[in-house]
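What follows is a set of notes on a single structure, which appears directly below.
2 protein chains.
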Amino acid sequence: MGFIGLIIYPTNMEDYKGATLVDWVENSIIKDIRDNKLSKGAEIPNELELAEKFDVGRNVIRESLSRLRMLGIIESRKRRGMVVAQPNVMAAFHKVVNPHMLSRETIIDLLGMRVSLEIGSAPMIINNVTDEDIAALKKIVAQERVTKKSKVDIEAEKAFHFKVYEISKNKAMLDFLSLLLPVFTFVYENFSDFDRFNKGKKEGQRIVRHKDLVGYLEARDLPGYQKAMEDHLIAYIDFINYWNNQESEK
Amino acid sequence: MGFIGLIIYPTNMEDYKGATLVDWVENSIIKDIRDNKLSKGAEIPNELELAEKFDVGRNVIRESLSRLRMLGIIESRKRRGMVVAQPNVMAAFHKVVNPHMLSRETIIDLLGMRVSLEIGSAPMIINNVTDEDIAALKKIVAQERVTKKSKVDIEAEKAFHFKVYEISKNKAMLDFLSLLLPVFTFVYENFSDFDRFNKGKKEGQRIVRHKDLVGYLEARDLPGYQKAMEDHLIAYIDFINYWNNQESEK
DNA sequence: ATTCTATATTTGTAGGACATATCCCTCAAA
DNA sequence: TTTGAGGGATATGTCCTACAAATATAGAAT
Numbered sequence: 001m002g003f004i005g006l007i008i009y010p011t012n013m014e015d016y017k018g019a020t021l022v023d024w025v026e027n028s029i030i031k032d033i034r035d036n037k038l039s040k041g042a043e044i045p046n047e048l049e050l051a052e053k054f055d056v057g058r059n060v061i062r063e064s065l066s067r068l069r070m071l072g073i074i075e076s077r078k079r080r081g082m083v084v085a086q087p088n089v090m091a092a093f094h095k096v097v098n099p100h101m102l103s104r105e106t107i108i109d110l111l112g113m114r115v116s117l118e119i120g121s122a123p124m125i126i127n128n129v130t131d132e133d134i135a136a137l138k139k140i141v142a143q144e145r146v147t148k149k150s151k152v153d154i155e156a157e158k159a160f161h162f163k164v165y166e167i168s169k170n171k172a173m174l175d176f177l178s179l180l181l182p183v184f185t186f187v188y189e190n191f192s193d194f195d196r197f198n199k200g201k202k203e204g205q206r207i208v209r210h211k212d213l214v215g216y217l218e219a220r221d222l223p224g225y226q227k228a229m230e231d232h233l234i235a236y237i238d239f240i241n242y243w244n245n246q247e248s249e250k
Numbered sequence: 001m002g003f004i005g006l007i008i009y010p011t012n013m014e015d016y017k018g019a020t021l022v023d024w025v026e027n028s029i030i031k032d033i034r035d036n037k038l039s040k041g042a043e044i045p046n047e048l049e050l051a052e053k054f055d056v057g058r059n060v061i062r063e064s065l066s067r068l069r070m071l072g073i074i075e076s077r078k079r080r081g082m083v084v085a086q087p088n089v090m091a092a093f094h095k096v097v098n099p100h101m102l103s104r105e106t107i108i109d110l111l112g113m114r115v116s117l118e119i120g121s122a123p124m125i126i127n128n129v130t131d132e133d134i135a136a137l138k139k140i141v142a143q144e145r146v147t148k149k150s151k152v153d154i155e156a157e158k159a160f161h162f163k164v165y166e167i168s169k170n171k172a173m174l175d176f177l178s179l180l181l182p183v184f185t186f187v188y189e190n191f192s193d194f195d196r197f198n199k200g201k202k203e204g205q206r207i208v209r210h211k212d213l214v215g216y217l218e219a220r221d222l223p224g225y226q227k228a229m230e231d232h233l234i235a236y237i238d239f240i241n242y243w244n245n246q247e248s249e250k
């Protein structure tokens, strides 16, 4: 008969005063799916039934469901009705990650996540890397255009790191980081205070290039690779730390 | 006069055959905001104008906008109209991260991201950590209930790592990881093949407890902390690598 | 100039109508 | 019995009209 467990009104509809009916219905359904531990394939009542249960117009129901459909939480087909689906967790990211729309703080947060993921995934990268991967990385490195100091070949940069993400075999991470690559280009081009971290080299700081990273990978040297990646990304780390120190002084 | 740059039909509406008008409109507006580099506060034409431009019913426009509203891409008020907003990048995550709904593969991917973030954020953690943070962590550690071997006090576990995330000062990461904590509980309780990585200790493998991590933090020992965190999370890393190796054999 | 009031505008909600796709059943033909 | 054609039923997709609710703006009153 195709029933979701029970569609229950939120315990406290008060929480939704000020908000719209659509918000209320949306959250109620999400909560219901969660509470009833519904998984892929579970059927959801049709729009008219829901409209009756929530005592709202079909419009409101449709808007709510439209949101869930976008997130991949449900799927719907004519006549067949609606069922719970298996969402791509990163899908919504693609829509909101737009550097012009995000705050500077958020962009720096994303930068921090990128750096962390790249450094922290080293144990998985070393576990997974194959000789073919090494060869592919070497090829990318060989094709890097030689440019001025402190200016990188952005396309090659993206290609290299994208390949590294692939080696992790972590699709969610690959998705997340690939999506973020344009954000880093944005930082390069728009954050004027990033420049000095990018150009200025600290005393005693080694410069780690992609070529060097490949070397550590080839040797399956986990601590070496990890430290090298840290040094490779040192400009970002310094920038983030500088920002944090500045913020905490306020 | 409050106009979005230009609402342009997608170059190839063909891409949307099979999809609904709502999908088409939604993506067109997102694309438009991107292409015109609109940022917070930019005004968007009202629903009737959009309906006319896209030559669709107001319903379709409303469903599309409802989706953007949910993501925080736009905000709307009666009479005032709609404006571009500054979304919380992680907002949509809260809705889709539900272990019962996600595939096993995705959950393991998220596990991998968590591990990576925790290890990779060490440089920022060490930079930010204060004596007060250390004290707070010590307090959490002191309150950990003593339980059987290989059984952890999940609440204390969450409290400890949540505090660590806070030290990173990375709100997006804090949001992301906090949201993921219930997923790890789910892995504990539902992934039977995780158990043996959790219980079994490899030869020569040291056991790193929260207490030990705090020690490295207190000493501001970056390599020490990073390596200790890696060892602390070794069960997850082994589990992920085991899974990856198994998958690649197929 | 300030305050108050009315009006206009825009989003939020309701409900009816029809289009469209597709499952399902029936019935005829092989 | 099996297969296939056809039609009815059902649920989503789209359009439309009407009205409620909120609020910015203009105009009137002080």
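Protein chains in written order, with the UniProt record's numbering: chain A, 1 to 250; chain B, 1 to 250.
C-beta atoms are modelled at their ideal positions from N, C-alpha and C, and glycine is treated no differently.
Of the residues B/238, B/37, B/141, B/210, which one's Cα is nearest the Cα of residue 256 of chain B? This structure cannot speak to residue 256 of chain B, because chain B is shown only from 1 to 250.
Counting only the same chain and skipping the five closest in sequence on each side, list residues whose C-beta sits under 8 Å from that of residue 11 of chain A.
Within the first sequence, residue 11 of chain A is the residue found at index 11, counting from 1. Any reading at residue 11 of chain A needs caution, since the residue's pLDDT is 45, under 50, leaving its predicted position unreliable; the model's value is listed next. The answer is none, since no qualifying residue turns up.
What does residue 169 of chain A touch in chain B if you count any residue whose Cβ is under 8 Å from its own?
Taking the first sequence and counting its residues from 1, the one referred to as residue 169 of chain A is at position 169. 244, 247, 248, listed in chain order.
Helix, strand or coil for residue 101 of chain A? Go by DSSP, reduced to three states.
Working through the first sequence from its first residue, we reach residue 101 of chain A at position 101. Annotated three-state conformation of residue 101 of chain A is coil, per DSSP.
**Item:** Per DSSP, the bridge partner or partners of residue 43 of chain A
**Value:** Position 43 of the first sequence holds residue 43 of chain A. Answer is A/83.
Which residues in chain A sit within 7 Å of residue 195 of chain B, going by Cβ to Cβ distance?
For this step, residue 195 of chain B is matched to residue 195 along the second sequence. Under the 7 Å cutoff, chain A gives no residues; its nearest Cβ is about 20 Å from residue 195 of chain B.
Interface residues of chain A around residue 232 of chain B at Cβ under 7 Å? For the purposes of this step, residue 232 of chain B is taken as residue 232 along the second sequence, with counting starting at 1. Within chain A, no residue comes near residue 232 of chain B; the closest Cβ sits about 12 Å away, beyond 7 Å.
Worksheet entry | Amino acids of chain B, ordered along the chain, whose beta-carbon sits closer than 8 Å to that of residue 173 of chain A | The residue given as residue 173 of chain A occupies position 173 in the first sequence. Proximity of chain B to residue 173 of chain A at the Cβ level (cut-off 8 Å) is accounted for by 109, 112, 113, 116, in chain order.
Review point. Does any C-beta atom of chain A lie closer than 8 Å to the C-beta of residue 182 of chain B?
Key: Your numbering for residue 182 of chain B matches position 182 in the second sequence. Output row for residue 182 of chain B: interface = no.
Is residue 185 of chain A close to chain B, meaning its C-beta is less than 8 Å from at least one C-beta of that chain? By one-based count along the first sequence, residue 185 of chain A stands at place 185. Residue 185 of chain A does not count as touching chain B.
*Is the number of C-beta pairs between the stretch 178-185 of chain B and the stretch 120-137 of chain B that are closer than 8 Å three or more?*
no
To the nearest angstrom, report how far apart residue 125 of chain B and residue 49 of chain A are at their CA atoms.
-> As a first step, residue 125 of chain B must be located in the second sequence, where it is residue number 125. As a first step, residue 49 of chain A must be located in the first sequence, where it is residue number 49. Cα-Cα distance, rounded: 51 Å.
Open item on the list: Taking contact to mean 3 or more Cβ pairs, one atom from each stretch, closer than 8 Å, check whether the stretch 89-96 of chain A and the stretch 85-93 of chain B are in contact.
Closed with: yes
Practice item. Would you kindly report the start and end of the unbroken beta strand (DSSP E) that includes residue 196 of chain B? Key: Taking the first residue of the second sequence as 1, we reach residue 196 of chain B at position 196. Careful: residue 196 of chain B lies outside any beta strand (DSSP E), inside the alpha helix (DSSP H) at 195-199.
### Task
Tell me, please, which residues DSSP counts as bridged to residue 77 of chain B.
The residue given as residue 77 of chain B occupies position 77 in the second sequence. Per DSSP, the beta bridge partners of residue 77 of chain B are B/81.
According to DSSP, is residue 108 of chain A helix, strand or coil? Residue 108 of chain A sits at position 108 when you count from the first residue of the first sequence. Note: residue 108 of chain A maps to helix in three-state DSSP.
Note to self: So with CB distances below 9 Å, who are the chain A contacts of residue 162 of chain B?
What the structure shows: For the purposes of this step, residue 162 of chain B is identified with residue 162 of the second sequence, where counting begins at 1. Taking a Cβ-Cβ threshold of 9 Å, none of the residues of chain A is close to residue 162 of chain B; the smallest such distance is about 16 Å.
Task: Closest residue to residue 264 of chain A among B/217, B/127, B/98, B/178 (Cα-Cα distance) - done: Examination of residue 264 of chain A is not possible in this model, given that chain A is present from 1 through 250 alone.
Which of helix, strand or coil DSSP assigns to residue 163 of chain B = To locate residue 163 of chain B, count along the second sequence from 1; it is residue 163. Three-state result, residue 163 of chain B: helix.
*asked:* According to DSSP, is residue 247 of chain B part of a helix, a strand, or is it coil?
replied: The sequence position of residue 247 of chain B within the second sequence is 247, counting from 1. DSSP places residue 247 of chain B in the helix class (H, G or I) of the three-state scheme.
query = So what's residue 207 of chain A in DSSP terms, helix, strand or just coil?
reply = Against the first sequence, residue 207 of chain A aligns to sequence position 207. If DSSP states are grouped into helix, strand and coil, residue 207 of chain A belongs with coil.
Exercise. Applying a beta-carbon distance threshold of less than 7 Å, which residues of chain B neighbour residue 86 of chain A?
Worked result: Here the question's residue 86 of chain A lines up with position 86 in the first sequence. Result: 101, 102, 103.
Chain A partners of residue 62 of chain B, CB-CB under 7 Å?
-> Start at 1 with the first residue of the second sequence, and residue 62 of chain B comes out as number 62. By Cβ distance, chain A contributes 63.
> Is the beta carbon of residue 103 of chain A sitting closer than 8 Å to the one on residue 205 of chain B?
Replying inline: Numbered from its first residue, the first sequence carries residue 103 of chain A at position 103. Numbered from its first residue, the second sequence carries residue 205 of chain B at position 205. No; because the gap between Cβ atoms is not below 8 Å, this pair is not in contact.
Residue 137 of chain B - containing alpha helix (DSSP H), residue span: Here residue 137 of chain B refers to the residue found at position 137 of the second sequence. 131-142 is the extent of the alpha helix (DSSP H) around residue 137 of chain B.
* Could you pull out every residue in the same chain whose Cβ sits closer than 7 Å to the Cβ of residue 243 of chain A, ignoring the five residues on either side in sequence? => The residue labelled residue 243 of chain A in the question sits at position 243 within the first sequence. Closer than 7 Å at Cβ, skipping near neighbours: 108.
Q.
Counting only C-beta atoms, is residue 178 of chain B closer than 8 Å to chain A at any point?
A. In the second sequence, the residue the question calls residue 178 of chain B occupies position 178. Closer than 8 Å: no.
Under 8 Å between C-beta atoms, does residue 67 of chain A make it to chain B? For this step, residue 67 of chain A is matched to residue 67 along the first sequence. Residue 67 of chain A counts as touching chain B.
Exercise. Kindly indicate if chain B contains any beta-carbon less than 8 Å away from that of residue 92 of chain A.
Key: In the first sequence, counting from the first residue as 1, residue 92 of chain A sits at position 92. Chain B contact via Cβ: present.
| Counting Cβ pairs closer than 8 Å, one from the stretch 17-27 of chain B and one from the stretch 61-76 of chain B, do we hit at least three? | yes
Are residue 128 of chain A and residue 169 of chain A close, meaning C-beta to C-beta below 8 Å? In the first sequence, residue 128 of chain A corresponds to position 128, counting from 1. In the first sequence, residue 169 of chain A corresponds to position 169, counting from 1. Against a cut-off of 8 Å, the Cβ pair of residue 169 of chain A and residue 128 of chain A comes out as a contact.
Under 8 Å from the C-beta of residue 39 of chain B: neighbouring residues of chain A:
Position 39 of the second sequence, counted from the first residue, corresponds to residue 39 of chain B. By Cβ distance, chain A contributes 100, 101.
Shorter than 8 Å from the beta carbon of residue 241 of chain B to some beta carbon of chain A?
Here residue 241 of chain B corresponds to residue number 241 of the second sequence, with the count starting at 1. Yes, because at least one Cβ of chain A sits closer than 8 Å to the Cβ of residue 241 of chain B.
Following the continuous alpha helix (DSSP H) through residue 92 of chain A, name the residue where it begins and the one where it ends. Walking along the first sequence from the start, residue 92 of chain A turns up at place 92. Unbroken alpha helix (DSSP H) run through residue 92 of chain A: 91-96.
Measuring alpha carbon to alpha carbon, tell me which of B/167, B/82, B/57 ends up nearest residue 39 of chain B.
Numbered from 1 along the second sequence, position 39 holds the residue referred to as residue 39 of chain B. Nearest C-alpha to residue 39 of chain B: B/82.
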